[in-house]
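Below: the structure, in structure tokens.
2 protein chains.
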Amino acid sequence: MKIGLDIMGGDYAPKATVLGAIEAYKALSADQKLVLIGDKDTAVTILQENNVSPDHFEFVHTTEVIGMGEHPTKAIVQKPNSSISVGFQLLKEGKIQAFSSAGNTGAMLVGSMFSVKTIPGVVRPAMTTIVPKLKGGLGILLDVGANADCKPEVLLQFGVLGSLFAQSVYAIQNPRVALMNIGEEEEKGNILCQATYPLMKETKLFNFVGNVEGRDLFSEGADVFVCDGFTGNVILKLAETFYVITRKKQFKDEFFDRFNYEQYGGSPILGVNAPVVVGHGISSPEAIKNMVLLSKNMVESGLVDKIKQAFQ
Amino acid sequence: MKIGLDIMGGDYAPKATVLGAIEAYKALSADQKLVLIGDKDTAVTILQENNVSPDHFEFVHTTEVIGMGEHPTKAIVQKPNSSISVGFQLLKEGKIQAFSSAGNTGAMLVGSMFSVKTIPGVVRPAMTTIVPKLKGGLGILLDVGANADCKPEVLLQFGVLGSLFAQSVYAIQNPRVALMNIGEEEEKGNILCQATYPLMKETKLFNFVGNVEGRDLFSEGADVFVCDGFTGNVILKLAETFYVITRKKQFKDEFFDRFNYEQYGGSPILGVNAPVVVGHGISSPEAIKNMVLLSKNMVESGLVDKIKQAFQ
Chain A
1 MKIGLDIMGG DYAPKATVLG AIEAYKALSA DQKLVLIGDK DTAVTILQEN NVSPDHFEFV
61 HTTEVIGMGE HPTKAIVQKP NSSISVGFQL LKEGKIQAFS SAGNTGAMLV GSMFSVKTIP
121 GVVRPAMTTI VPKLKGGLGI LLDVGANADC KPEVLLQFGV LGSLFAQSVY AIQNPRVALM
181 NIGEEEEKGN ILCQATYPLM KETKLFNFVG NVEGRDLFSE GADVFVCDGF TGNVILKLAE
241 TFYVITRKKQ FKDEFFDRFN YEQYGGSPIL GVNAPVVVGH GISSPEAIKN MVLLSKNMVE
301 SGLVDKIKQA FQ
Chain B
1 MKIGLDIMGG DYAPKATVLG AIEAYKALSA DQKLVLIGDK DTAVTILQEN NVSPDHFEFV
61 HTTEVIGMGE HPTKAIVQKP NSSISVGFQL LKEGKIQAFS SAGNTGAMLV GSMFSVKTIP
121 GVVRPAMTTI VPKLKGGLGI LLDVGANADC KPEVLLQFGV LGSLFAQSVY AIQNPRVALM
181 NIGEEEEKGN ILCQATYPLM KETKLFNFVG NVEGRDLFSE GADVFVCDGF TGNVILKLAE
241 TFYVITRKKQ FKDEFFDRFN YEQYGGSPIL GVNAPVVVGH GISSPEAIKN MVLLSKNMVE
301 SGLVDKIKQA FQ
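Listed in order, the protein sequences are those of chains A and B. Once you know that position 149 of the first sequence is 149 in the UniProt record's numbering, the rest is easy, because the numbers rise by one and skip nothing. Once you know that position 129 of the second sequence is 129 in the UniProt record's numbering, the rest is easy, because the numbers rise by one and skip nothing.
What follows is the structure, encoded as structure tokens:
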């Protein structure tokens, strides 16, 4: 297996990404090779500074970088030699089996849809995040920003994507899928939720458990929380802020520790024809390592094939 | 001034409400009279048990109660002798100058629109909550659930309502109004935000400071956060959960203490022709006291007249 990593992406790249690659390498087996995509000379220098042989990695040298603030579609088109563009080219050609980056989220999303493309039958890919549960374990929240406006059938598909992800990568059996709403009763919510509920109630594609509210995100009632990308993104950023505040205030706690984005590595883009993970812009080496390992787990679990089958 | 309080509303009513009324009474001046609406005998008994003379209060006896789970519109129509229905009748007739209840939120919303009615020019009244700022002080979030689906012009009006509320009741000068969004740039967001931004940018009705994200809710950049009621309700309930978790985990902290709903008493319904406040279902006596005092502050500040003028 070859696992691609954009070493130019993220606020602390390439140092944090190469250091993260070193940590990931230690956790990979002999037949799992990390392909570092970016400025090769810089990467080799960082590896040597850390007494790690460059022979442990493969390199694909690139000469351009897509900045965090660049317009995704324009950047992907105008910078064919950027680490993100090249990474997706390799992924498309099957030269790597997974690709991850802590760089420009929009470019990762657009790149994945332009290159490996959306799985036939999937209307819109979704971005996913992990939410810790109060009593241990985790939940899956999607979409967290790829689709600000969603139709009911798109939310229904997110239920399928999230359910398969929870099952395949996190070994959650028969995941309970809930609709994020503003009341528990069937008729509650905005027009989108009101139209989505009956679809989810009827579906045999996943185990729908009904509506939940913002207060239920960390509780035991559901494993997968489905919402439009606007709501999901607000939730994600609000939850991140709480984590940051508890850290600043030095509240040490096992639950809050599990909010640490570093532990889960990044947000997979679900619904495209290959495992793609987007890391947090501020990714540390620990986060990069876990992003790589998440992309590896997505390959090993055969998630993409399972999604393809579900949408056949 | 006569201030109406529904003593039957809330999970711990009538005990918590009457005890709250006692606390509120202590904070009111001689010309501010609390009117207790509900079962008079029970109220008098609770007052006497606490060695408080019933003479300090006025009573309007009612024989029905709208339950927390009842359908708002049906309940208001079918229970004319309920404490909420009678409260709004008194408010409409000018026999009380403000009305508050920790009972059925929907019934409070419907009741206010049926009785005192929406201020001419206001498309939809909004429900409001307070969010504490990390560095002290507070922000205003609206709508938090009265309007799950909103049009751009409605969000624009929420900006006016929130701005006047912040200014009148919390003495925030020239309040900075922000649009809750999923990116800071003008073109970011869902269709609603993309259509609202230009309206807010052009308006002279308040001091618009642009888009903010979920992570900015407790920061210094804005005083009023505008969003649709779906997003606001998810935010509110998620924030409440964080507060509950920090309490359970016994993280004592001045910032988290200020999340305590008891301190701010309740959510005003802005945009109707009289001061109306809805308390949290689990309201304690302290929360009831502050709900009453908030409704009093709304009267004293002349907020309703200011809103009327703004929409003339």
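Where is the CB? At the ideal position from N, CA and C, for every residue including glycine.
Go ahead and label residue i buried or exposed: buried means 16 or more other beta carbons lie within 10 angstroms of its beta carbon, across all protein chains shown.
i                      : result
I191 of chain B        : exposed
I3 of chain A          : buried
E121 of chain A        : The residue asked about is misnamed: residue 121 of chain A is Gly in this sequence, not Glu. G121 of chain A is exposed by the Cβ-count criterion.
V77 of chain B         : exposed
E262 of chain A        : buried
S29 of chain B         : exposed
E213 of chain A        : buried
K252 of chain B        : exposed
I282 of chain B        : exposed
P275 of chain A        : buried
G87 of chain A         : buried
Q173 of chain A        : exposed
S168 of chain B        : buried
G69 of chain A         : exposed
A171 of chain B        : exposed
N273 of chain B        : buried
K296 of chain A        : buried
G106 of chain A        : buried
K228 of chain A        : Reading the sequence as shown, one finds Asp at residue 228 of chain A and not Lys. Buried, since its Cβ has 16 or more Cβ neighbours within 10 Å.
S53 of chain B         : exposed
residue 317 of chain B : Nothing can be reported for residue 317 of chain B, as the shown portion of chain B is limited to 1 through 312.
Assuming contact is defined by CB atoms lying nearer than 8 Å, are residue i and residue j in contact in what I supplied?
i               : j               : result
L91 of chain A  : L303 of chain A : no
V226 of chain B : G271 of chain B : no
D143 of chain B : A126 of chain B : yes
M108 of chain B : L156 of chain B : no
A21 of chain A  : G279 of chain A : no
I37 of chain B  : D11 of chain B  : no
K40 of chain A  : H61 of chain A  : yes
V209 of chain B : A178 of chain B : yes
V299 of chain B : M113 of chain B : no
V131 of chain A : R176 of chain A : no
T73 of chain A  : V110 of chain A : yes
S85 of chain A  : G9 of chain A   : no
I119 of chain B : T128 of chain B : no
K135 of chain A : E220 of chain A : yes
P14 of chain B  : A43 of chain B  : yes
N207 of chain A : K188 of chain A : no
A146 of chain B : N104 of chain B : no
S115 of chain B : V277 of chain B : no
E286 of chain B : E23 of chain B  : yes
P152 of chain A : T196 of chain A : yes
Which whole-angstrom value describes the C-beta separation of residue i and residue j, a residue pair presumed to lie in contact below a C-beta threshold of 8 Å?
i               : j               : result
T241 of chain B : L217 of chain A : 7 Å
A16 of chain B  : S284 of chain B : 6 Å
G265 of chain A : N290 of chain A : 3 Å
A98 of chain A  : L293 of chain A : So it is not a contact: roughly 10 Å between Cβ atoms.
I307 of chain B : L161 of chain B : 6 Å
T246 of chain A : F256 of chain A : 5 Å
Y25 of chain B  : L19 of chain B  : The Cβ separation is near 11 Å, so there is no contact.
State yes or no: is the beta carbon of residue i nearer than 8 Å to at least one beta carbon in chain E?
i               : result
L179 of chain A : The structure shown contains no chain E; its protein chains are A and B.
Checklist entry - Closer than 7 Å, Cβ to any Cβ of chain A: which residues of the stretch 182-194 of chain B, in chain order? => result I182, G189, N190 and I191
Checklist entry - In chain order, what residues of the stretch 129-157 of chain B put their CB closer than 8 Å to some CB of chain A? => result L134, G145, A148 and D149
Next on the checklist: Counting only Cβ-Cβ distances shorter than 7 Å, please list the residues of the stretch 201-214 of chain B near chain A, keeping chain order.
Outcome noted: E213 and G214
Next on the checklist: Give me the subset of the stretch 45-64 of chain B whose CB atoms are less than 7 Å from a CB atom of chain A, sorted by chain position.
Outcome noted: none
Checklist entry - Using 8 Å as the Cβ pair cut-off and three pairs as the minimum, do the stretch 52-61 of chain A and the stretch 226-243 of chain A touch? => result no
Checklist entry - Which residues, in chain order, does the stretch 234-245 of chain B contribute to contact with chain A at a C-beta distance below 9 Å? => result V234, I235, L236, K237, L238, A239, E240, T241, F242, V244 and I245
Next on the checklist: To be precise: take each residue of the stretch 246-260 of chain B, compare its Cβ to all Cβ atoms of chain A, and keep it if any distance is under 8 Å. Which residues remain?
Outcome noted: T246, K249, F251, D253 and F255
Next on the checklist: Output needed in chain order: residues of the stretch 86-116 of chain B with a Cβ under 9 Å from some Cβ in chain A.
Outcome noted: none
Next on the checklist: Using a Cβ-Cβ cutoff of 9 Å, what residues of the stretch 291-310 of chain A are near chain B? List them in chain order.
Outcome noted: none
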